[in-house]
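Heads up, the thing below is written out as structure tokens.
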Ligand SMILES: [Mn+2]
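In our numbering, the protein residues as written are 247 to 643.
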């Protein structure tokens, strides 16, 4: 109705003017209708770009004052790269951003990412560790790579303004929520945001002046986030990950990517891998290895990854101890063995033990005192635990 009214008014106006188009009312109406269509199209294009998630995210972080960007406990490369990307977007909107995490930055790949970003790209990486919610000084909090703050005192008090994640869950942000649980990595979502903001990815050798250019260090970090969350693009990967890799590819510094993915390993980690392999007990295609005392707990899951690669082995559990606690790490590439269930079934018999995980990966901690009989159980020896683990992997528990 409105459009027709406008057409009539414009047509009347045109009719009283001397018209170079002549007196053909059909021609004039046609031209007017085309102009209106073009205007509507322009509005639609503008509205669509205004609504793009990347634009909405940038507006949300840009209008709430300083923001605190929170990673999940023991952040991995996906979380770290997303936090850096989120901070860059915030800074492009003149908003200060600080990055926080509970727990520790563990695993040598994660520490290598942090170190190399600082030393090679001169990116100021300040990831601040928090012990409780009030360590975050900003009122506006953004969660990346998880959708509910957890694992620190008063985590439940955190009411984020924005949530960007790829894990299933019900957490939402006050103004912005983008949870895509079909995606392989949260870094994929941030790569899309950067593209939707019409930023370009800089070449590693380029001098950066315009701030709406993604620095190669952050592009390389996002690439590594995607690679590590999808096991080098082999699991849980969607077309969106490949599209993000294409977009980020100009910024990849291959040498640095290699140094992040394959950092020098400390002697103890290598030694424990060796112990896990030489000390293994194998039954059918399952292996268990007790590596004894360790000072670096990360070495246990790393040894489990290594042992799983042995030819003919489809599921493994590596155990080691530190400070009176046994740490278990399990890996399975065997569809018959749900590793999280195997570990939790065995830990169920020991008071205070905690274990669980996914089908292909699981972990647990067991207090040695309780394993030896403290509390309401009769206790079990380490050899008995191995027997129970083999039974559980074989489906007998
Ligand atoms: Mn992730």
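No residue lacks a Cβ here, since even glycine has one placed at the ideal position from N, Cα and C.
Small disclaimer: the values here were computed from a predicted structure and weren't measured.
CA nearest to the CA of residue 478, picked from 486, 469 and 485
469
With three or more C-beta pairs closer than 8 Å as the rule, is the segment 374-384 touching the segment 307-315?
Contact between the segment 307-315 and the segment 374-384 is present, because at least three Cβ pairs lie under 8 Å.
If you draw a straight line from the alpha carbon of residue 539 to that of residue 475, how long is it in whole angstroms?
30 Å
Can you tell me which of 446, 439 and 481 puts its alpha carbon nearest to the alpha carbon of residue 428?
481
Could you tell me the alpha carbon to alpha carbon distance between residue 501 and residue 621, rounded to whole angstroms?
53 Å
Closer than 8 Å: is that where the CB of residue 486 sits relative to any heavy atom of ligand 1?
It does not: the Cβ of residue 486 is nowhere closer than 8 Å to a heavy atom of ligand 1.
Hey, how far is the Cα of residue 320 from the Cα of residue 330?
16 Å
Compare the Cα-Cα distances from residue 323 to each of 485, 473, 460 and 552 and report the closest residue.
Across the set 485, 473, 460 and 552, the C-alpha of 473 shows the shortest separation from the C-alpha of residue 323.
Taking the straight line between their C-alpha atoms, what separation do you get for residue 507 and residue 443?
Between the alpha carbons of residue 507 and residue 443 lies a distance of about 29 Å.
Compute every distance between the C-beta of residue 427 and the non-hydrogen atoms of ligand 1, then say whether any falls below 8 Å.
no
CA-to-CA distance, residue 353 to residue 635, given in whole angstroms:
26 Å
Have a look at residue 332 and residue 426 and give me their C-alpha separation to the nearest angstrom.
17 Å
Could you check whether residue 328 and residue 404 sit closer than 9 Å to each other, using their CB atoms as the reference points?
no
Using 8 Å as the Cβ pair cut-off and three pairs as the minimum, do the segment 561-572 and the segment 539-551 touch?
yes
Would you list the residues whose beta-carbon is nearer than 6 Å to any heavy atom of ligand 1, in the order they occur in the chain?
324, 391, 412, 431, 432 and 475
Quick check on the DSSP output: the alpha helix (DSSP H) that includes residue 303 runs from which residue to which?
299-308
Own chain, CB closer than 6 Å to residue 534, minus 5 neighbours either side, in chain order:
527, 563, 632 and 635
Just to confirm before moving on: does the CB-CB distance between residue 391 and residue 416 stay below 9 Å?
For the pair residue 391 and residue 416, the CB atoms are not nearer than the 9 Å cut-off.
For residue 598, does the three-state DSSP call read helix, strand or coil?
coil
In the structure shown, what three-state DSSP assignment does residue 565 receive?
strand
Contact under 9 Å by Cβ, residue 590 with residue 554
no
Simplified DSSP assignment, three categories, for residue 610:
strand
In this structure, does DSSP put residue 418 in helix, strand or coil?
coil
State the CB to CB distance for the pair residue 619 and residue 610, rounded to an integer number of angstroms; the pair is presumed to be in contact (CB under 8 Å).
At roughly 19 Å, the Cβ-Cβ gap does not stay under 8 Å, so residue 619 and residue 610 are not in contact.
So what does residue 446 bridge to, in DSSP terms?
459
At least three beta-carbon pairs within less than 8 Å, the segment 491-498 to the segment 458-466
yes
Rounded Cβ spacing between residue 326 and residue 359 (contact assumed at less than 8 Å):
6 Å
Which residues share a DSSP beta bridge with residue 527?
Under DSSP, residue 527 shares a beta bridge with 534.
Alpha carbon to alpha carbon, how far is residue 585 from residue 439?
Each residue's alpha carbon lies about 36 Å from the other.
Would you tell me roughly how many angstroms separate the C-alpha atoms of residue 357 and residue 291, rounded to the nearest one?
43 Å
Counted within 10 angstroms of its Cβ, other Cβ atoms place residue 247 as buried (16 or more) or exposed:
No answer about residue 247 holds up, because its pLDDT of 47 lies below 50 and its placement is not dependable.
DSSP three-state assignment for residue 478, whether helix, strand or coil:
Of the three classes helix, strand and coil, the one that applies to residue 478 here is coil, per DSSP.
DSSP state of residue 556 mapped onto helix, strand, coil
Here DSSP, grouped into helix, strand and coil, assigns residue 556 to coil.
Would the segment 568-582 count as touching the segment 599-617 if we require 3 or more Cβ pairs under 8 Å?
Output reads yes: the segment 599-617 touches the segment 568-582.
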